[in-house]
Amino acid sequence: MTMTLRSSLLPFAAVLFALPAAHASSLSSATSQPPALEPLIQSIIECNAIADQVALGKWNGHTPVFDPAREQQLLESVRHKAHRYQLRPDDAALFQLGQMEANRLIQYQLLDRWHREGKVPPTQRISLNELRHQLDTLQDNQLEALARIEPLRHQNDCAETVSRTAQRMARQSTLDNEHRIALTRSLGDICQSPAGA
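If you read the sequence shown in UniProt numbering, its first letter stands for residue 1, the second for the next number, and so on.
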């Protein structure tokens, strides 16, 4: 399956990969950001990390990365939960779609590497059911945090603020290239048009 990353990713990618670390840190501290932004990004980082174990499960079970039935179930669940967090169903679903695409990006890259190397890491396996339970919990955390940053999402400096915070947190979490790319995708639809634009 071919995935097309939206043009909204470009400002995030530019900052996440190109901004000098020291400069990013100083600018980040000077930039006002809602208190829920870091928890949201941290939850996304944790969610993307679970993709490693999901990929192992797909490797062991010889199952495809793309599971349309599961993804449709998740999107319906998010739409149903949206009002609980005072989010629009379509908005919540778009955010969830970004998380699923990011998760798949990691899985495809890891599986490609393992096929080329002919082996997988000697990591203790976790059942897909347990992983899905963890992902469901993180999903609730993310929707709550997403609702709390709603004002930021419509500000002119949203992309800059989110990108610099993500760059700093990616560095603190020592994310590898696969997970940095996934984080960029996860955040690609966070910012919306400024109110009244």
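Where is the CB? At the ideal position from N, CA and C, for every residue including glycine.
Residue i burial status per 10 Å Cβ neighbour count (16 or more: buried)
i: residue 182; result: buried
i: residue 101; result: buried
i: residue 119; result: exposed
i: residue 156; result: exposed
i: residue 90; result: exposed
i: residue 189; result: buried
i: residue 98; result: buried
i: residue 61; result: exposed
i: residue 165; result: buried
i: residue 167; result: buried
i: residue 73; result: exposed
i: residue 124; result: exposed
i: residue 172; result: exposed
Residue j beta carbon less than 8 Å from that of residue i
i: residue 40; j: residue 145; result: yes
i: residue 96; j: residue 147; result: no
i: residue 152; j: residue 161; result: yes
i: residue 37; j: residue 149; result: yes
i: residue 142; j: residue 77; result: no
i: residue 111; j: residue 55; result: yes
i: residue 177; j: residue 103; result: no
i: residue 79; j: residue 69; result: no
Local conformation of residue i per DSSP, three classes
i: residue 173; result: coil
i: residue 164; result: helix
i: residue 21; result: In this prediction, residue 21 scores a pLDDT of 44, lower than 50, which makes its location untrustworthy; the coordinate-derived value is nonetheless stated afterwards. Helix at residue 21.
i: residue 89; result: helix
i: residue 77; result: helix
i: residue 109; result: helix
i: residue 14; result: At residue 14 the pLDDT is 45, less than 50, meaning the model places this residue with poor confidence; the figure from the coordinates comes in the next sentence. Helix.
i: residue 98; result: helix
i: residue 193; result: coil
i: residue 187; result: coil
i: residue 179; result: helix
i: residue 30; result: Annotation note: pLDDT 40 at residue 30 (below 50); position unreliable, no value reported.
Continuous alpha helix (DSSP H) stretch holding residue i: start and end
i: residue 156; result: Run containing residue 156: none; DSSP gives neither H nor E here.
i: residue 58; result: 37 to 61
i: residue 119; result: Per DSSP, residue 119 belongs to no alpha helix (DSSP H) and is neither H nor E.
i: residue 64; result: Premise fails: residue 64 is in no alpha helix (DSSP H) and is neither H nor E.
i: residue 133; result: 128 to 148
Nearest-angstrom beta carbon gap, residue j and residue i [assumed within contact, 8 Å]
i: residue 45; j: residue 131; result: Rounded, the Cβ-Cβ distance is 16 Å, inconsistent with contact.
i: residue 154; j: residue 192; result: 6 Å
i: residue 180; j: residue 105; result: The pair is not a contact, with the Cβ atoms about 11 Å apart (cut-off 8 Å).
i: residue 57; j: residue 128; result: 5 Å
Any C-beta of chain B under 8 Å from that of residue i
i: residue 167; result: Reference to chain B is not applicable here, since this structure consists of a single protein chain.
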